[in-house]
Amino acid sequence: MSPSLLRFFLLALTLTVFSAAFSNPLPCTGQCHDAHDPSLIRRTSDGKYYRFATGGGISIHTASTITGPWANAGTVLTKGSSINSPGAGDAWAPDVKYVEGTYYLYYAVSSFGTQQSAIGVATSTSMDTGTWTDHGSTSVTSKTGDEYNAIDPNLIQVGGTNYLAFGSFWGDIFLTTLSSNLESWLGAKPIQIELNATTPRPSEGAYIYHTGSYYYLFFSSGSCCGYDTSRPTPGNEYKIMVCRSKTVTGGYVDKNGVSCTSSGGTLVLGSHGNVYGPGGQGIYDDPVQGSVLYYHYVDTNIGYSDGDKVLGVNKINWSTGWPVV
Ligand SMILES: *[C@@H]1O[C@H](CO)[C@@H](O)[C@H](O)[C@H]1NC(C)=O
Ligand SMILES: *[C@@H]1O[C@H](CO)[C@@H](O)[C@H](O)[C@H]1NC(C)=O
Numbered sequence: 410m411s412p413s414l415l416r417f418f419l420l421a422l423t424l425t426v427f428s429a430a431f432s433n434p435l436p437c438t439g440q441c442h443d444a445h446d447p448s449l450i451r452r453t454s455d456g457k458y459y460r461f462a463t464g465g466g467i468s469i470h471t472a473s474t475i476t477g478p479w480a481n482a483g484t485v486l487t488k489g490s491s492i493n494s495p496g497a498g499d500a501w502a503p504d505v506k507y508v509e510g511t512y513y514l515y516y517a518v519s520s521f522g523t524q525q526s527a528i529g530v531a532t533s534t535s536m537d538t539g540t541w542t543d544h545g546s547t548s549v550t551s552k553t554g555d556e557y558n559a560i561d562p563n564l565i566q567v568g569g570t571n572y573l574a575f576g577s578f579w580g581d582i583f584l585t586t587l588s589s590n591l592e593s594w595l596g597a598k599p600i601q602i603e604l605n606a607t608t609p610r611p612s613e614g615a616y617i618y619h620t621g622s623y624y625y626l627f628f629s630s631g632s633c634c635g636y637d638t639s640r641p642t643p644g645n646e647y648k649i650m651v652c653r654s655k656t657v658t659g660g661y662v663d664k665n666g667v668s669c670t671s672s673g674g675t676l677v678l679g680s681h682g683n684v685y686g687p688g689g690q691g692i693y694d695d696p697v698q699g700s701v702l703y704y705h706y707v708d709t710n711i712g713y714s715d716g717d718k719v720l721g722v723n724k725i726n727w728s729t730g731w732p733v734v
């Protein structure tokens, strides 16, 4: 084989290895766009899938399977959030959990790049448009100069305690606790559980998931939005990272043992093929597909605007103790 042919084969092999590092998302059908910062859940009464996402008072889409066919089913906050703050008409980053007969949907009210933010909550027993009651702010809020930005909520219940993870840039990801009715802050000072010390400290979208003997802290790292008007330098677009800990309240480390509060984080899913900027993720235990990572991404064959972002679903292999997609 000539040296140039050998080089060609080595290059082809390298490209194959790199592009094979992540599986493509499972094929999605129906209305898969409008999926920015998705939260997925099945209705307990009939197994119908609900997808909530950023945009127009939190959009609702429903489907018969996790991969579709998805159809538009309205809005959660039909009149906007009752939180009296800029951005109330365009709530962000929903997180939905089912607790004893009620669906709790946490959302954020803010405006891009500011710390004037609040985490709100709405409840419903069916999740359909028109059935949501907005309870307004949980009192988990932030203002200019605070250590954190109170957006991107995520609830996890551990041994009777309601933990709320949140945060975005500034001091990155924090954890605090909510009252037993799940609607208000207990007042405990939030603790930092993740920090990327490198400017601009681009971590957000926390999602904590418990499996085996660990709590896994997933987060989105990089620049989330507006790729149609200004694209970040390659590698600085959204990607999905993870750290893990034996306790929910901290001690999160990455696969190399680097603390998540010292800029640690192991890559779970980054741009590949026609998948660009995956993030806004969550984990779901699907009765058909098993444990899945779901997220939004730009399909480079479709479009780079925030409204174009589509739902991605990948099966997770947990066999090594670290999520592999
Ligand atoms: C931390 O931020 C830097 C700068 O944006 C980025 O290059 C790096 O990948 C981030 N690290 C993690 C663990 O997300
Ligand atoms: C999960 O990953 C392990 C280790 O890489 C591999 O041996 C196993 O076949 C994978 N399981 C599935 C279902 O792909």
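In terms of the working numbering, the sequence shown opens at residue 410 and continues consecutively. Just so you know, even glycine gets a beta-carbon here, dropped at the ideal spot from N, CA and C. The structure displayed is predicted, hence computed values, not measured ones.
Practice task
Tell me where the beta strand (DSSP E) around N605 begins and ends.
Solution key: Run containing N605: none; DSSP gives neither H nor E here.
Exercise for the section: Report all residues from its chain with a CB closer than 6 Å to the CB of L419; omit the five preceding and five following residues, and keep chain order. Expected result: Its pLDDT being 43, under 50, L419 is placed unreliably in this model, and the coordinates cannot settle the point.
Exercise for the section: Would you mind reading off the limits of the beta strand (DSSP E) that contains R452? Expected result: Looking at the DSSP string, R452 is not in any beta strand (DSSP E), and its letter there is neither H nor E.
Practice task
With a 10 Å radius around its C-beta and 16 neighbouring C-beta atoms as the bar for buried, classify T487 as buried or exposed.
Solution key: The residue is exposed, with fewer than 16 neighbouring Cβ atoms inside 10 Å.
Handout entry: Any 3 or more C-beta pairs closer than 8 Å across the region 653-662 and the region 631-641
Key = Counting Cβ pairs under 8 Å, fewer than three are found: no touch.
Exercise for the section: Report buried or exposed for V684, applying the criterion of at least 16 other Cβ atoms within 10 angstroms of its Cβ. Expected result: So V684 counts as buried.
Handout entry: Spatial neighbours of V707 in its chain, beta-carbon cut-off 7 Å, leaving aside the 5 residues before and after
Key = Excluding positions up to five away in sequence, the list reads Y636, Y685, G686, Y713, D717 and K718.
Handout entry: Nearest-angstrom Cβ-Cβ length linking G510 and T542, presumed shorter than 8 Å
Key = Here G510 is actually not in contact with T542; their C-beta atoms are around 14 Å apart, not less than 8 Å.
Exercise for the section: Please name the residue in I692, T570, L626 and S526 whose C-alpha comes closest to that of G554. Expected result: Nearest C-alpha to G554: S526.
Practice task
Give the straight-line distance between the Cα atoms of Y624 and Y618, rounded to the nearest whole angstrom.
Solution key: Between the alpha carbons of Y624 and Y618 lies a distance of about 6 Å.
Practice task
Over the uninterrupted beta strand (DSSP E) stretch that includes Q524, give me the two end residues.
Solution key: Here Q524 belongs to no beta strand (DSSP E), and DSSP marks it neither H nor E.
Handout entry: Inter-residue CB distance, S448 and P503 (contact presumed, cutoff 8 Å)
Key = Contact between S448 and P503 holds: CB atoms are separated by about 5 Å, below the 8 Å threshold.
Practice task
Go ahead and pull the three-state DSSP assignment for C652.
Solution key: DSSP places C652 in strand when its eight states are reduced to three.
Handout entry: C-alpha gap between A430 and A606, whole angstroms
Key = Straight through space, the alpha carbons of A606 and A430 are spaced by roughly 27 Å.
Exercise for the section: Could you check what DSSP says for G716 in three-state terms: helix, strand or coil? Expected result: Helix at G716.
Exercise for the section: Report back the beta-carbon spacing between L604 and K648 to the nearest angstrom; my notes put them in contact at under 8 Å. Expected result: Contact flag wrong, Cβ pair sits at about 17 Å.
Handout entry: Per-residue DSSP class, three states only, for S671
Key = The answer is helix: DSSP assigns S671 an H, G or I state.
Handout entry: Alpha-carbon to alpha-carbon, V485 and W501
Key = Between W501 and V485, the C-alpha separation is close to 11 Å.
Practice task
Tell me whether N753 counts as near ligand 2, meaning its Cβ is closer than 7 Å to at least one heavy atom of that ligand.
Solution key: Missing from the structure shown is residue 753; the chain here goes from 410 to 734 and no further.
Practice task
Verify the contact flag: V733, CB atom, against every heavy atom of ligand 2, threshold strictly below 7 Å.
Solution key: Within the cutoff, so yes.
Practice task
Would you decide whether V508 is buried or exposed? Buried here means 16 or more other CB atoms lie within 10 Å of its CB.
Solution key: Result: exposed.
Handout entry: the region 624-634 touching the region 586-599, judged by at least three CB pairs closer than 8 Å
Key = Verdict: no, contact absent.
Problem - Local Cβ density within 10 Å of N571, reported as buried at 16 or more and exposed below that - result: Result: buried.
Practice task
Just the C-alpha distance for A480 and G568, rounded to the nearest angstrom, thanks.
Solution key: If I take the Cα positions, the gap works out to 36 Å.
Exercise for the section: Please indicate yes or no: does the CB of S668 lie closer than 7 Å to some heavy atom of ligand 1? Expected result: Not under cutoff, so the answer is no.
Problem - First through last residue of the beta strand (DSSP E) which encompasses G686 - result: Run containing G686: V684 to D695, per the beta strand (DSSP E) assignment.
Problem - C-alpha gap between C441 and A462, whole angstroms - result: Between C441 and A462, the C-alpha separation is close to 11 Å.
Handout entry: Runs of beta strand (DSSP E) lying entirely within the region 523-557, each at least 3 residues, in chain order
Key = For the beta strand (DSSP E) assignment, the uninterrupted runs of no fewer than 3 residues enclosed by the region 523-557 are, from N- to C-terminal side, 526-533 and 542-551.
Handout entry: Residues near T474 by beta carbon distance below 8 Å, same chain, minus five either side
Key = Sequence-distant partners of T474 (beyond 5 residues in either direction) whose C-beta falls short of 8 Å from its own C-beta, in its chain, are Y458 and V697.
Exercise for the section: Compute the minimum distance between the beta carbon of T638 and the heavy atoms of ligand 1, and state whether it is under 7 Å. Expected result: For T638, the Cβ stays outside the 7 Å cut-off from all heavy atoms of ligand 1.
Practice task
Please go through the same chain and pick out, in chain order, the residues whose beta-carbon is closer than 8 Å to the beta-carbon of L414, but skip the five residues on each side of it.
Solution key: With a pLDDT of only 43 at L414, under 50, the local geometry of the prediction cannot be trusted, and no value is derived from it.
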